[in-house]
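First the structure, in the form of structure tokens, and then the observations on it.
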Amino acid sequence: MPERLSAMLLDLWTPLIILWITLPPCIYMAPMNQSPVLMSGSPLELNRLSEEQRILNRSKRGWVWNQMFVLEEFSGPEPILVGRLHTDLDPGSKKIKYILSGDGAGTIFQINDVTGDIHAIKRLDREEKAEYTLTAQAVDWETNKPLEPPSEFIIKVQDINDNAPEFLNGPYHATVPEMSILGTSVTNVTATDADDPVYGNSAKLVYSILEGQPYFSIEPETAIIKTALPNMDREAKEEYLVVIQAKDMGGHSGGLSGTTTLTVTLTDVNDNPPKFAQSLYHFSVPEDVVLGTAIGRVKANDQDIGENAQSSYDIIDGDGTALFEITSDAQAQDGIIRLRKPLDFETKKSYTLKVEAANVHIDPRFSSRGPFKDTATVKIVVEDADEPPVFSSPTYLLEVHENAALNSVIGQVTARDPDITSSPIRFSIDRHTDLERQFNINADDGKITLATPLDRELSVWHNITIIATEIRNHSQISRVPVAIKVLDVNDNAPEFASEYEAFLCENGKPGQVIQTVSAMDKDDPKNGHYFLYSLLPEMVNNPNFTIKKNEDNSLSILAKHNGFNRQKQEVYLLPIIISDSGNPPLSSTSTLTIRVCGCSSDGVVQSCNVEAYVLPIGLSMGALIAILACIILLLVIVVLFVTLRRHKNEPLIIKDDEDVRENIIRYDDEGGGEEDTEAFDIATLQNPDGINGFLPRRGMPAQWWEERNPIQTGLFSGSRMTHSLHFIFSHKDTKINCITQRTT
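Residue numbers for the sequence shown follow UniProt numbering, beginning at 1 and rising by one.
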């Protein structure tokens, strides 16, 4: 510690001593603000000038002070003297006062207003503030008037080595590939020093490694860290801790230092081949295992990690390469052996495989270390299992003629028990595939027989399923599909393909084709259909029509003459015999209906009925029907009207008290009192004869009564009729309405 303190004092006082020797105690300095001034004269001349003239007309400044520096972090019993201000205008009579202003004036720096001495009264830190700008001015002691313009000057804080280097971003982490060569760059670290880098060596840093040798080294000035040993193996040691020191003062004694840590991790490279944990693997598998089932796993270990440890597995040799396969599991990094084809214990009881594991990603830099692969032997033993019966064929196709006799044998299926014990087999038909029970099977020998007649025209194919079951173990069942095709026999006669109706024009020409017909046959001969057409023997010499066979297996009907008249004969029937080419051939007779029609000049059929002769020219049958419908409607209306009129003329007198439904008398106006007693005779309402005879009231003229005849209406409601009789009696200001209804 004493050595470090003495070195600091030496660094501090050496430049001050040099500055004191080379510079005079007082230097005349030019003012910082170049304002024009007058030349200074003798004291007598100064007295003659006014104070203002002396300030404004001086041509020469007279400030004199020492170069001002102050050491940071300096502390003592007394304030430290920074410097002294002096002007040549001061004759020593103490009439001049010095004033200091600016940064820290009065708080950090004080000035003796008489002598001009400047002292630092507080401890300074260059890292907080490196320099202070102040203003000095000389004024008259009595009047405080400026003797000259103020001038600025700077007090610089001189640095000392009081800050140690710091690693701001530590601790650090870095990676470097394993097996790297000597001198491989790892990373770069940087420390900072708050001291002044331009003054002395306080901020000059030198780096070194305190811990981490001999694996790593560091450049003293650049702090670049490199590998110091070649071929460091991650599998031996993966992580290293390095302690780094940064020291100022160029690394000399007395300098301050700071440290940090660097964790270096070796990253993996593919420098290790895979290696099987054992050279021989044993597995066993039942012979009835499902295809694709995993039989076993093999694994080759790799000291590398990540993709460098990935390996692919293959079967490179053995007697089971066609029956087994191996796949790679990327997660578990092992190989899975699976079954590709069925096994048979009775055929082969064991298999030997040679599997290989090889790295997927190979680094060529390490190819000299040998092949990055390994092999192992796998032995697989097949275990016996009770297997279901095996049919001689995976599918069966049988054929039978549709006229085959019942109980005739259609075909046969065979199956065997593949086990050594060889259990007997029993056959049956899955009735879900033969709902109509058209077939039977012999349970012992598997012969399929016909149970019901077949018809190819109804169904050509029949698909059934045969079940084979072991007698000793009914749980062992096998199924096989059997397709039965029904073969055709000529059991259907040909007939017209559709219902034909031919039309013959009255103005047709001889030899004109009336109709072209074709035939169809439900049978399906191997060589296709070929039909023969002929007329009945008794109609071979038909005087009206003839037939002609066409190349497309169709038939054309031709007219032998013209002059057909529909009034003489409207319809002709032409029987035609159609025969097929089967063995034996079958035939049928179909009748073609030929209608004689009226046609236009270009042969377009217009009418084929005899009634068309009586119709007006251009009036169609539809128009005639519409006219007849209108006439019938009019007749119905007339009959209804006459019936209504007849019911209106019937008497509406109510003779049966029980048939009276309702009597309504409405008085619309007020009566005329005693003077109106002769207005009407109430007996009229009670006298049926009076009503039928329309008897007038007393005192009223007949003309007045005739103008007011009773209103009669008849209304039908179902099978009953309602009669209403409305009487109106009026005299002076009184009017009586009387309505009587009767239902019959």
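Built from N, CA and C at the ideal position, the CB exists for glycine as well.
Quantities reported herein were computed from a predicted structural model and do not represent experimental measurements.
In this structure, DSSP gives Glu-383 an extended state, which the three-state scheme calls strand. Restricting attention to Ser-587, Glu-219, Asn-562 and Glu-325, the CA atom closest to the CA of Asp-523 is found in Ser-587. When DSSP states are grouped into helix, strand and coil, Glu-325 belongs to the strand group. Note on Asn-442: under 16 other CB atoms within 10 angstroms of its CB, so exposed under the neighbour-count rule. Under the DSSP assignment, Ile-244 falls in the beta strand (DSSP E) whose first and last residues are 239 to 247.
Burial of Phe-545 is indicated by the presence of at least 16 other C-beta atoms within 10 angstroms of its C-beta. Per the coordinates, the alpha-carbon of Ser-518 lies some 6 Å from the alpha-carbon of Leu-555. Taking a cut-off of 8 Å for Cβ pairs, the region 222 to 238 and the region 280 to 291 do not touch, as fewer than three such pairs fall below it. Around the C-beta of Gly-320, 16 or more other C-beta atoms lie within 10 Å, and the residue is accordingly described as buried.
Contact annotation: Leu-353 and Glu-287 have beta-carbon atoms that are not nearer than 7 Å. Measuring C-alpha to C-alpha distances from Asn-463 to each of Ser-475, Gln-476 and Val-482 identifies Val-482 as the nearest.
For Phe-109 and Ala-203, the gap between their C-alpha atoms comes out near 28 Å. In this chain, Trp-141 is not harboured by any beta strand (DSSP E), its DSSP state being neither H nor E.
In this structure, the beta-carbon distance from Ala-322 to Val-355 does not fall below 7 Å. The region 365 to 381 and the region 410 to 417 do not touch, with fewer than three beta-carbon pairs separated by less than 8 Å.
Judged by beta-carbon spacing, Pro-220 lies beyond the 7 Å limit of Val-243, meaning their Cβ atoms are not closer than that value. In terms of CA proximity to Glu-131, Gln-158 leads the group Gly-335, Gln-158 and Lys-122. A distance below 7 Å separates the beta carbons of Val-189 and Ala-223. Just measuring C-alpha positions, the residue of Val-186, Asn-490, Ile-576 and Asp-304 sitting nearest Pro-274 is Asp-304. For Met-68, the three-state secondary structure derived from DSSP is coil. Counting the other CB atoms within 10 Å of its CB gives Asp-193 a total of 16 or more, which places it among the buried residues. With respect to Tyr-533, Ile-484 sits apart: the two C-beta atoms are not nearer than 7 Å. In this structure, Ile-160 and Glu-78 do not form a Cβ contact; the two beta carbons are roughly 19 Å apart against a cut-off of 8 Å.
Looking at the DSSP output, Arg-365 sits in no beta bridge, so it has no partner there.
Rounded to the nearest whole angstrom, the C-alpha separation of Leu-535 and Ile-578 is 9 Å. Around the Cβ of Gln-606, a 10 Å sphere holds fewer than 16 other Cβ atoms; the residue is exposed. In this structure, the straight-line span from the alpha carbon of Leu-574 to that of Cys-608 is close to 18 Å. Residue pairing from DSSP places Ile-557 in a beta bridge opposite Gln-515 and Ile-547.
Phe-109: member of the beta strand (DSSP E) spanning 109 to 111, first to last residue. Per the Cβ contact rule, the region 502 to 517 is not in contact with the region 420 to 434 (fewer than 3 Cβ pairs under 8 Å). Here the region 112 to 122 does not lie against the region 175 to 187, with fewer than 3 beta-carbon pairs under 8 Å apart.
Here DSSP, grouped into helix, strand and coil, assigns Cys-608 to coil.
DSSP links Met-179 through a beta bridge to no other residue.
Bounds of any beta strand (DSSP E) do not take in Asp-195, whose DSSP letter is neither H nor E. By a beta-carbon distance limit of 8 Å, Met-179 contacts Asp-271. Their separation comes to about 6 Å. For Thr-261, the enclosing beta strand (DSSP E) begins and ends at 257 to 267.
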